[in-house]
Structures are given as C-alpha cells and as structure tokens.
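>
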Amino acid sequence: MREIRFAGSSAELAARFDVADDAIGTALFAHCFTCSKDIAAARRIAEGLNQRGVSVLRFDFTGLGHSDGEFGNTSFSSNIADLLAAAAWLRENAQAPKLLIGHSLGGAAVLSAAFDVPECTAVATVGAPSDPGHVTHLFGQQREEIEACGIATVTLAGRKFDIAKSFLDDLETHQLTDRLSGLNKAVLFMHAPGDTIVGIDEAAKLYTAAKHPKSFVSLDDADHLLTRPRDAQYVADVLAAWAGRYLG
C-alpha cells in the first residue's frame, strides 16, 4: 500500500493506493457522503479487490479525512472534480482507471465523472441515489436554516459539518438519470432492499435510466454503510467477478 497526496479541485488530497500483484486493471473508489477513504467498508472492498488482482486507489474528498481544504466550501461538482483529479494522477503515475466504484453519494459522483474518464469501461455503485439532491433529506429541519441564512451546522453520524446554500444550489444542477442513457459503459448497481438511508427505489430509477450492459445485485439485509465485514466482502467478491469481464 502506498500513501500518496495529489492536487484536487481546490486542495491537496490524501489517498491510499493498493497495487495488486499481476494486476488485471485499476479501480478508483469514491467514499460515501461525509465519510473517508478509511471507513471500514471502503477498506474491506479495496482489500478484497486487491486480493483478486485489481489495484485500487481510494482518497478523501476535499475537507474530509486527511485531505486539506474546507468541507463547507465543497459541492457535488467539486467532488466530481476531485475524482477527475484522482483519475489524472493514476493516468500519469500508474494506470488510468478502467473501473470506477462509488458508495452512496460517491456512487452518484462516479456515474457523473465517468463521462470524462475515457479509459473507464465499467462503473459500479453501492447504495447510490439516483438524484444527488437526495442527500438533503439528511439535513432535516436545518435545510430551512441553510436556505435562510446561507449556511448551517448539520450533525451527521455524530459529527458536525457546515453546509452552505451553495451546496444545495449546486445539487440542483445535476440531473443524473437524464444523462445515464448516454454513458456507454457497463454499469452495476448494488443495493440492499432494506436500506434506510437511500431506499431501494433509487436503484430502480438508476437501473431503468441506464442502457445495457447493466446489472443489479441485491445486498439482501446489509445496512447502508456495510458495517458487517461479510457484506463488504460480498460486494468485493461480486465486483471482482463482474469487473473481470471489462478490465481485460
């Protein structure tokens, strides 16, 4: 494993690059909203893919984890720009990513970024929303405060984050399902029917909007963050088997 840093959309980003022996390809992983590259699910999925011959780069978005910058100044657009910066680092220093993987809002981000990564042949999402704006339901009544005051502090998973109105405004500019039919890459949507954070209907919308080759895999009783090791391992196993068709 290599710990690296590279220039993102507006700040230096921290990343981990797990290089597989006799790698069949390289994947770029985007973590969930307000999470980090070191969340258990991201680590386990990366390790599982690495063991199956896929090198994986996972990084912290601007203002999160060990990356520089202010989270309050970020947006969905800046997340996409961070992903493209990570793809550029791989292109220049190793091998451009053929596989993009995203968890939750990271899934929406990789679907959006994939249009601008020509080497990418496959995109996989885990518990992703069909509309990036879906994330705003986590803000509850504080959304009104954000709209009225321009910024508010929101508590998510026990941590406090400053959310600016510009973040909300930016989300409204991204209509993901309207674009999916033109992606022209293999797509895999993985989702748990009982996901209480991003409902299974979001996966149905994504699947309907996408064109073949497309696949859907149920994660049965897994939770949104894949907190049980066996669920993250299952995701890695399925990803490795599926991606093998497109990484050669």
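According to the working numbering, the sequence shown is numbered sequentially starting from 1133.
Beta carbons are placed, not taken as given, at the ideal position from N, Cα and C, and that holds for glycine.
1. Is it right to say residue 1158 is buried, meaning 16 or more other beta carbons lie within 10 angstroms of its own, or is it exposed?
2. Taking all protein chains shown into account, do 16 or more other C-beta atoms lie within 10 angstroms of the C-beta of residue 1201, making it buried, or fewer, making it exposed?
3. Going straight from the alpha carbon of residue 1244 to that of residue 1212, what length do you get?
4. Give me the Cβ distance between residue 1357 and residue 1208, rounded to the nearest whole Å; I'm assuming they're in contact under 8 Å.
5. Just tell me which of 1379, 1361, 1258 and 1166 has its CA closest to the CA of residue 1348.
6. Pick from 1147, 1160, 1217 and 1369: whose alpha carbon is nearest that of residue 1192?
7. For residue 1315, collect the residues of the same chain with a Cβ closer than 8 Å to its Cβ; drop the 5 residues on either side in sequence, then sort them by chain order.
8. Quick check on DSSP: helix, strand or coil for residue 1305?
9. Between the alpha carbons of residue 1325 and residue 1308, how many angstroms are there, rounded?
10. Fully enclosed by the region 1202-1266, which beta strand (DSSP E) runs are 3 residues long or longer?
11. Which term fits residue 1363, buried or exposed, when burial requires 16 or more other beta carbons within 10 angstroms of its beta carbon?
12. Using C-beta distances below 7 Å, list every residue in its chain close to residue 1188, excluding the 5 sequence neighbours before and after it, in chain order.
13. Residue 1381 lies in the beta strand (DSSP E); which residues open and close that run?
14. Checking 9 Å against the spacing of the C-beta atoms, do residue 1217 and residue 1251 come in under that value?
15. Sorted by chain position, which residues of the same chain lie with C-beta nearer than 6 Å to residue 1327's C-beta, five sequence neighbours on each side aside?
16. Do residue 1163 and residue 1235 have their C-beta atoms closer together than 9 Å?
17. Around the C-beta of residue 1199, are 16 or more other C-beta atoms found within 10 angstroms, so that it is buried, or is it exposed?
18. Let me confirm a value: residue 1281 is counted as buried when at least 16 other C-beta atoms fall within 10 Å, else exposed. Which label applies?
19. Quick one: measure Cβ to Cβ for residue 1165 and residue 1237, integer angstroms, because I've assumed they're closer than 8 Å.
20. Just mark residue 1241 as buried or exposed, buried being the case when its beta carbon has 16 or more other beta carbons within 10 Å.
21. Whole angstroms is fine: what's the gap from residue 1287's alpha carbon to residue 1263's?
22. Residues bridged to residue 1187 by DSSP?
23. Specify the secondary structure class of residue 1294 as computed by DSSP and reduced to three states.
Reading from the atomic positions:
1. For this step, residue 1158 is matched to residue 26 along the sequence shown. Per the 10 Å Cβ criterion, buried.
2. Within the sequence shown, numbered from 1, the residue matching residue 1201 stands at position 69. Counting Cβ neighbours within 10 Å, residue 1201 comes out buried, since at least 16 surround it.
3. Numbered from its first residue, the sequence shown carries residue 1244 at position 112. Numbered from its first residue, the sequence shown carries residue 1212 at position 80. Their Cα atoms are separated by approximately 7 Å.
4. For the purposes of this step, residue 1357 is taken as the residue at position 225 of the sequence shown. For the purposes of this step, residue 1208 is taken as the residue at position 76 of the sequence shown. With 8 Å as the limit, residue 1357 and residue 1208 do not qualify as a contact, their Cβ atoms being about 20 Å apart.
5. Position 216 of the sequence shown, counted from the first residue, corresponds to residue 1348. For residue 1348, the closest C-alpha among the options 1379, 1361, 1258 and 1166 is that of 1258.
6. One-based indexing of the sequence shown puts residue 1192 at position 60. If we check each option's Cα against that of residue 1192, 1147 comes out closest.
7. Within the sequence shown, residue 1315 is the residue found at index 183, counting from 1. The answer, listed in chain order, is 1243, 1246, 1247, 1255, 1342 and 1343.
8. Taking the sequence shown and counting its residues from 1, one reaches residue 1305 at position 173. Here residue 1305 sits in coil by DSSP.
9. If you number the sequence shown from 1, residue 1325 lands on position 193. If you number the sequence shown from 1, residue 1308 lands on position 176. C-alpha separation (whole angstroms): 21 Å.
10. 1231-1235 and 1254-1258
11. One-based indexing of the sequence shown puts residue 1363 at position 231. Residue 1363 is buried by the Cβ-count criterion.
12. One-based indexing of the sequence shown puts residue 1188 at position 56. Excluding sequence positions up to five before and after residue 1188, its CB lies within less than 7 Å of the CB of 1150, 1159, 1161, 1178, 1181 and 1182, all in the same chain and listed in chain order.
13. Because residue 1381 is not part of the residues shown, which for the chain are 1133 to 1380, the question remains open.
14. As a first step, residue 1217 must be located in the sequence shown, where it is residue number 85. As a first step, residue 1251 must be located in the sequence shown, where it is residue number 119. Cβ distance not < 9 Å, so residue 1217 and residue 1251 don't count as in contact.
15. Start at 1 with the first residue of the sequence shown, and residue 1327 comes out as number 195. Within the same chain, residue 1327 has close Cβ partners 1259 and 1356.
16. Here residue 1163 corresponds to residue number 31 of the sequence shown, with the count starting at 1. Here residue 1235 corresponds to residue number 103 of the sequence shown, with the count starting at 1. Yes, the Cβ-Cβ distance between residue 1163 and residue 1235 is below 9 Å.
17. Looking up residue 1199 in the sequence shown gives position 67. Buried, because 16 or more other Cβ atoms sit within 10 Å of the Cβ of residue 1199.
18. Locating residue 1281 in the sequence shown gives position 149, counting from the first residue. Exposed, because fewer than 16 other Cβ atoms sit within 10 Å of the Cβ of residue 1281.
19. Counted from its first residue, the sequence shown places residue 1165 at position 33. Counted from its first residue, the sequence shown places residue 1237 at position 105. With a contact defined as Cβ atoms closer than 8 Å, residue 1165 and residue 1237 qualify at about 4 Å.
20. Position 109 of the sequence shown, counted from the first residue, corresponds to residue 1241. Classification of residue 1241: buried, given that the 10 Å Cβ count is 16 or more.
21. As a working mapping, residue 1287 is identified with position 155 in the sequence shown. As a working mapping, residue 1263 is identified with position 131 in the sequence shown. Cα to Cα, the separation comes out at about 22 Å.
22. Looking up residue 1187 in the sequence shown gives position 55. Paired residue(s): 1158.
23. The residue given as residue 1294 occupies position 162 in the sequence shown. If DSSP states are grouped into helix, strand and coil, residue 1294 belongs with the strands.
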